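S.K.: Numbering (my numbering), first residue to last: 12 to 515.
The C-beta atom is built at its ideal place from N, Cα and C for all residues, glycine as well.
Computed from a predicted model, the values in this text were never measured in an experiment.
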Amino acid sequence: MSCEACRERHTKCDNQHPRCSRCEKSGRQCIRSSVARSFRAAPRPTGFAHHQTWVPVPSRVDFVDETRSLQASHAGVEDSSDDGEAGQSRPANSAAPAPSSPFQARWSPKIPQRINTLPVSSPESTGPASTLHYAPLATREAAELTRYFVDYCACFFDFSDFHRHFAYDVPLRARRNATLANAMLALAARHRSRTQQYDPYVSDRYYHECLQTLIPRLDDPAAIKDDELLAAVIVLRLLEEMDVSILGSDPQGHLLGTHAIITASQAQSPSPVTSLRKACYWGAFRQEIFTSLTSQRPFKLRLPEMSSSKVSADDWEWSLNATYLCGKVQEFVFGNDVANTAEYGRLLEDVDAWKRNRPRGFDPLFQSPSGEFEFLPDIRLHLDCHVMGWQYISMSYLLLIVHQSFPRVGPSRRQAISHMEQAAAQEVRTICGVALSNPGTAPAQLVACMAIALFGDRFVSHAEQAVLRDLLIQTEKQTGWPTSSARRQLEQFWDWRLDHSPTT
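1. Taking Cβ to Cβ, would you say Val181 is nearer than 9 Å to Leu191?
2. Just to confirm my understanding: we take Ala474, look at its own chain, exclude 5 residues before and 5 after, and list those with CB closer than 8 Å. What are they?
3. Taking the alpha carbon of Arg519 as the reference point, which residue from Phe470, Leu249, Glu239 and Cys291 has its own alpha carbon closest?
4. Around the C-beta of Asp468, are 16 or more other C-beta atoms found within 10 angstroms, so that it is buried, or is it exposed?
5. Could you check if Gln298 is buried or exposed, using at least 16 other CB atoms within 10 Å of its CB as the buried criterion?
6. Is Val458 near Ile442, with beta carbons less than 9 Å apart?
7. For Leu9 and Ala189, which I take to be in contact (beta-carbon distance under 8 Å), what is that distance rounded to the nearest angstrom?
8. Across the region 330 to 344 and the region 393 to 404, are there enough close Cβ pairs to call them in contact, namely three or more that are closer than 8 Å?
9. State the beta-bridge partners of Ser214 as determined by DSSP.
10. I'd like the span of the beta strand (DSSP E) that includes Ser330, first residue to last.
11. Counting C-beta neighbours from all protein chains within 10 Å, is the total for Ile226 16 or more, i.e. buried, or is it exposed?
12. Cutting at 6 Å between CB atoms, please list the residues of its own chain near Phe177, excluding the five before and the five after it.
13. Terminal residues of the continuous beta strand (DSSP E) containing Asp230?
14. Can you grab the Cα-Cα spacing for the pair Ser423 / Gln433, in whole Å?
15. Sort out for me which residues DSSP pairs Phe470 with in a bridge.
16. Taking the alpha-carbon of Asp162 as reference, which of Thr490, Trp327 and Leu287 has the nearest alpha-carbon?
17. Is the beta carbon of Ala462 sitting closer than 9 Å to the one on Val439?
18. Only counting the same chain, and skipping five residues up and downstream in sequence, which positions put a Cβ closer than 8 Å to that of Pro134?
19. By a C-beta neighbour count over all protein chains shown, 10 Å radius and 16 as the cutoff for buried, is Glu252 buried or exposed?
20. Determine, using beta carbons only, whether Leu304 and Tyr355 come nearer to each other than 9 Å.
21. What's the C-alpha gap between Val478 and Ala436?
22. In terms of residue numbering, what span does the alpha helix (DSSP H) encompassing Ile404 cover?
23. On a Cα-Cα basis, can you pick out the residue from Tyr217, Asp172 and Pro211 that is closest to Pro147?
24. Would you say Leu247 and Ala324 are within 9 Å of each other, going by their C-beta atoms?
25. Assign Ser204 to one of three DSSP states: helix, strand, or coil.
26. Measure the C-alpha to C-alpha separation of Val420 and Asn351 and round it to an integer number of angstroms.
27. Indicate whether Phe4 and Trp505 have their beta-carbon atoms separated by less than 9 Å.
28. Along the beta strand (DSSP E) that carries Asp389, what are the first and last residues, could you check?
29. Measuring alpha carbon to alpha carbon, tell me which of Ser306, Val255 and Ala243 ends up nearest Tyr292.
30. Using DSSP with H/G/I as helix, E/B as strand and the rest coil, what is Phe373?
31. Using the Cα positions of Trp507 and Arg498, report the straight-line distance between them to the nearest angstrom.
32. How big is the Cα-Cα spacing for Pro375 and Trp329?
33. Closest to Pro493 by CA distance: which of Phe301, Ser37 and Arg205 is it?
34. With C-beta atoms as the reference, is Glu342 less than 9 Å away from Pro309?
35. Compute the Euclidean distance between the alpha carbons of Asp395 and Leu447, then round it to the nearest angstrom.
36. For Gly338, which of Thr452, Trp327 and Gln307 has the nearest alpha-carbon?
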């Protein structure tokens with residue numbers, strides 16, 4: 012009969028008396044039980060009881076063994092009294108080898124945090140405190156692109172966000188979320204390749220890696236509550252927008268994904284429950300503004316009703332209110348109720364009320380009827396939220412101007428149309444002037460390009476046409492936003508010839 016020590020260590024006992032060879036070698040007491048152990052098969056039921064309670068199980072389950080014996084094996088700790096066959100100590104990192112690439116962890120089972128931070132031995136280790144991390148951003152290239160995202164891409168989401176979630180929170184979360192990390196890196200690489208000398212295939216690689224984990228995740232019903240998944244889809248939608256022309260074909264694949272997640276989550280919780288999710292909602296809202304404008308279709312995204320900003324609200328909330336008004340106006344002018352004069356009047360009053368009651372922070376630091384370009388006003392503003400508040404409220408007013416009702420016949424009709432054309436052209440000048448006067452707010456240039464693409468046909472002066480055309484070119488060079496299709500369409504409409512075309 013095996014001794015208790017060998018049985019506990021699951022080693023073969025030679026049953027020598029009075030002590031087995033293993034106990035003899037280790038100098039420990041060899042104890043044998045006087046009672047023989049036997050096993051009796053218990054009867055097994057052929058079915059479950061009718062009152063059996065079943066617990067719902069998610070589609071993915073991670074089993075974590077946190078017993079002392081498992082922890083000891085991962086830490087490389089064995090009983091020092093064991094013989095050489097069973098007592099060899101293993102290096103700590105043999106239990107969990109480091110991935111060969113920063114993204115390999117996504118293809119492996121999820122590793123519990125307790126095991127994920129065990130001491131390891133590696134060339135970079137500086138002592139026993141070194142830890143093993145499966146970090147999606149643990150390469151020099153990823154670090155460079157992460158900082159690039161913060162400096163040049165996050166502004167497209169954060170311009171009305173005091174806490175700058177996409178500049179601060181998203182990169183932090185991306186350190187432990189490969190899907191979000193790859194989405195962020197794909198956008199940064201795409202923007203960099205369009206504005207600098209950078210390999211465009213880097214973005215494609217990260218984009219492919221992102222889809223490998225994102226698509227299976229969308230099959231999980233719990234995904235609608237995943238803030239990081241929503242942030243990744245929002246980032247990918249901006250990448251999708253950058254890959255199409257302002258007036259070209261847009262697959263809207265990630266836009267539909269955004270709508271699906273937001274709509275499903277709203278059905279369960281009408282209000283955003285986290286600050287990051289709220290930031291994602293507004294990012295999706297602005298992306299819907301872009302798509303609605305360029306395709307001239309009704310506004311599809313539904314967000315909770317937002318009342319007019321109170322006088323006590325901060326400047327960022329007023330900027331969001333201007334964004335919200337722009338969406339409401341687009342929903343009206345591109346919808347089936349555009350002939351409703353009462354609703355038109357309410358929207359026009361809302362826009363006018365925003366202009367009258369806006370905080371002093373939205374007042375220009377400097378304003379002149381003309382700036383560097385003779386035809387555009389010079390309007391210098393304080394913060395990004397002020398710049399974008401101006402842009403969206405101006406776009407709202409512009410859309411209402413061109414959709415006003417006119418007399419059907421008579422001289423007054425021609426006069427009303429003439430006044431409308433002049434007012435619309437002036438509003439386009441304001442939007443473009445704000446964009447050029449505040450070059451540090453890159454999203455302002457995108458709004459200006461949308462205004463030019465939609466209303467540039469109203470300008471007949473070659474000098475003004477050249478200024479608008481140059482703004483389209485400048486925006487594509489500085490932001491990576493494709494404007495060539497809009498530029499070509501306007502050049503064709505303006506009947507531009509080579510002698511009228513400024514140097515590019």
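M.R.: Inspection of the coordinates gives the following:
1. For the purposes of this step, residue 181 is identified with residue 170 of the sequence shown, where counting begins at 1. For the purposes of this step, residue 191 is identified with residue 180 of the sequence shown, where counting begins at 1. Taking 9 Å as the cut-off, the Cβ atoms of Val181 and Leu191 count as close.
2. For the purposes of this step, residue 474 is taken as the residue at position 463 of the sequence shown. Correct list, in chain order: Glu385 and Phe386.
3. With the chain represented from 12 up to 515, any question about residue 519 goes unanswered, as that position is not in the structure.
4. Mapped onto the sequence shown, residue 468 falls at position 457. With fewer than 16 other Cβ atoms inside 10 Å of its own Cβ, Asp468 counts as exposed.
5. Position 287 of the sequence shown holds residue 298. Burial is judged here by how many other beta carbons sit within 10 angstroms of a residue's own beta carbon; Gln298 has at least 16 and is buried.
6. As a first step, residue 458 is located in the sequence shown; it is residue number 447 there, counting from the start. As a first step, residue 442 is located in the sequence shown; it is residue number 431 there, counting from the start. Judged by beta-carbon spacing, Ile442 lies within the 9 Å limit of Val458, meaning their Cβ atoms are closer than that value.
7. Look at the range of the chain in this structure, 12 to 515, and you will see that residue 9 is not part of it.
8. Flag = yes, the region 330 to 344 and the region 393 to 404 touch.
9. Position 203 of the sequence shown holds residue 214. Note: Ser214 sits in no beta bridge, so no partner.
10. As a first step, residue 330 must be located in the sequence shown, where it is residue number 319. The continuous stretches of beta strand (DSSP E) do not include Ser330, which lies in the alpha helix (DSSP H) extending over residues Asp326 to Val344.
11. Looking up residue 226 in the sequence shown gives position 215. By the 10 Å Cβ count, Ile226 comes out exposed.
12. As a first step, residue 177 is located in the sequence shown; it is residue number 166 there, counting from the start. Excluding sequence positions up to five before and after Phe177, its CB lies within less than 6 Å of the CB of Ala165, Phe168 and Asp169, all in the same chain and listed in chain order.
13. Counting from 1 along the sequence shown, the entry for residue 230 is found at position 219. Note, Asp230: premise wrong, no beta strand (DSSP E); not H, not E.
14. Within the sequence shown, the letter at position 412 stands for residue 423. Within the sequence shown, the letter at position 422 stands for residue 433. For Ser423 and Gln433, the distance between alpha carbons rounds to 15 Å.
15. Counted from its first residue, the sequence shown places residue 470 at position 459. DSSP output for Phe470 lists no bridge partner at all.
16. Working through the sequence shown from its first residue, we reach residue 162 at position 151. Comparing Cα positions, the closest option is Thr490.
17. Residue mapping note: residue 462 aligns to position 451 of the sequence shown, counting from 1. Residue mapping note: residue 439 aligns to position 428 of the sequence shown, counting from 1. Against a cut-off of 9 Å, the Cβ pair of Val439 and Ala462 comes out as a contact.
18. Taking the first residue of the sequence shown as position 1, residue 134 is located at position 123. Low local confidence applies: a pLDDT of 35 at Pro134 is under 50, so the model's placement there is unreliable, with the coordinate-based value given in what follows. A distance below 8 Å between beta-carbons, with the five flanking residues on each side excluded, links Pro134 to no residue of its chain.
19. Position 241 of the sequence shown holds residue 252. So Glu252 counts as buried.
20. As a working mapping, residue 304 is identified with position 293 in the sequence shown. As a working mapping, residue 355 is identified with position 344 in the sequence shown. Their beta carbons are not under 9 Å apart, which means Leu304 does not touch Tyr355 by this criterion.
21. Translated into the one-based positions of the sequence shown, residue 478 becomes position 467. Translated into the one-based positions of the sequence shown, residue 436 becomes position 425. Whole-angstrom Cα-Cα distance: 13 Å.
22. In the sequence shown, residue 404 corresponds to position 393, counting from 1. Counting along the chain, the alpha helix (DSSP H) containing Ile404 begins and ends at Asp395 to Val413.
23. Numbered from its first residue, the sequence shown carries residue 147 at position 136. When each option's Cα is compared against that of Pro147, the closest is Tyr217.
24. The residue you call residue 247 lines up with position 236 of the sequence shown. The residue you call residue 324 lines up with position 313 of the sequence shown. No; because the gap between Cβ atoms is not below 9 Å, this pair is not in contact.
25. On the sequence shown, position 193 is the one that residue 204 refers to. Under the three-state reduction of DSSP, Ser204 is assigned to helix.
26. Position 409 of the sequence shown, counting from 1, holds the residue named residue 420. Position 340 of the sequence shown, counting from 1, holds the residue named residue 351. Rounded to the nearest angstrom, the two C-alpha atoms are 20 Å apart.
27. In the structure displayed, the chain extends from 12 to 515; residue 4 sits before or after that span and is not available.
28. As a first step, residue 389 is located in the sequence shown; it is residue number 378 there, counting from the start. Asp389 to Arg391 is the extent of the beta strand (DSSP E) around Asp389.
29. Within the sequence shown, numbered from 1, the residue matching residue 292 stands at position 281. Selected option, being the one with the closest Cα: Ala243.
30. Position 362 of the sequence shown, counting from 1, holds the residue named residue 373. If DSSP states are grouped into helix, strand and coil, Phe373 belongs with the helices.
31. Looking up residue 507 in the sequence shown gives position 496. Looking up residue 498 in the sequence shown gives position 487. Their backbone Cα atoms lie some 11 Å apart in a straight line.
32. Your numbering for residue 375 matches position 364 in the sequence shown. Your numbering for residue 329 matches position 318 in the sequence shown. When the Cα atoms are used, Pro375 and Trp329 turn out to be separated by approximately 15 Å.
33. Translated into the one-based positions of the sequence shown, residue 493 becomes position 482. The shortest C-alpha separation from Pro493 is found at Arg205.
34. Within the sequence shown, residue 342 is the residue found at index 331, counting from 1. Within the sequence shown, residue 309 is the residue found at index 298, counting from 1. In terms of Cβ geometry, Glu342 and Pro309 form a close pair [threshold 9 Å].
35. The sequence position of residue 395 within the sequence shown is 384, counting from 1. The sequence position of residue 447 within the sequence shown is 436, counting from 1. Computed Cα separation, rounded: 13 Å.
36. Position 327 of the sequence shown, counted from the first residue, corresponds to residue 338. Nearest to Gly338 by C-alpha distance, out of Thr452, Trp327 and Gln307, is Gln307.
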